[in-house]
Amino acid sequence: MADEDCQNIDSLEVLTPYYKSINIKLMKCGGLTPALEMIKRARKLNYKIMIGCMTESTVGISAGCLLTGLADFVDLDGANLISNDYATGNFVENGKIILSEKHGLGIDLK
Numbered sequence: 001m002a003d004e005d006c007q008n009i010d011s012l013e014v015l016t017p018y019y020k021s022i023n024i025k026l027m028k029c030g031g032l033t034p035a036l037e038m039i040k041r042a043r044k045l046n047y048k049i050m051i052g053c054m055t056e057s058t059v060g061i062s063a064g065c066l067l068t069g070l071a072d073f074v075d076l077d078g079a080n081l082i083s084n085d086y087a088t089g090n091f092v093e094n095g096k097i098i099l100s101e102k103h104g105l106g107i108d109l110k
């Protein structure tokens, strides 16, 4: 799975000889819109898709959770790894994506 090699839509075609799947991290690709563009292009290139994260707050994780229906794999535990998270929202609990009932990204600042 391409991880650090795959940071934007331009890298997808170059990586096809080397990888069958890609890890899209919103913090690295530029956010939701570039991630959606990457997913669309990656599907045309027959990649499997993972939505991943770095160690980041619930704000970033909440955005990633919104894309999980378009992915084959998900790794969004980054907010679980920090003790000073400043938001609540969408999250992963025991392997399940739990979506907030709030509008937009579903976040609230603490």
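Read in order, the letters of the sequence shown are residues 1 to 110 in the working numbering. Glycine included, every Cβ here is placed at the ideal spot set by N, Cα and C.
query, result
"With 16 other Cβ atoms within 10 Å as the buried cut-off, status of Lys-25", "buried"
"Per-residue burial, Met-54 [other beta carbons within 10 Å of its own, 16 or more giving buried]", "exposed"
"Assigned exposure category for Asn-84 - 16 Cβ within 10 Å defines buried", "exposed"
"As assigned by DSSP and simplified to three states, the class of Ala-71", "coil"
"Burial state of Phe-73, where buried means 16 or more other Cβ atoms lie within 10 Å", "exposed"
"Cβ-based neighbour list, Cys-29, same chain, cut-off 7 angstroms, excluding 5 preceding and 5 following", "Gln-7, Asn-8, Ala-35 and Met-38"
"Same chain only: Cβ atoms within 7 angstroms of Leu-109, ignoring 5 sequence neighbours per side", "Tyr-86 and Ala-87"
"Short Cβ contact (7 angstroms threshold) for Ile-51 with Ala-42", "no"
"Residue range of the alpha helix (DSSP H) that includes Lys-44", "32-44"
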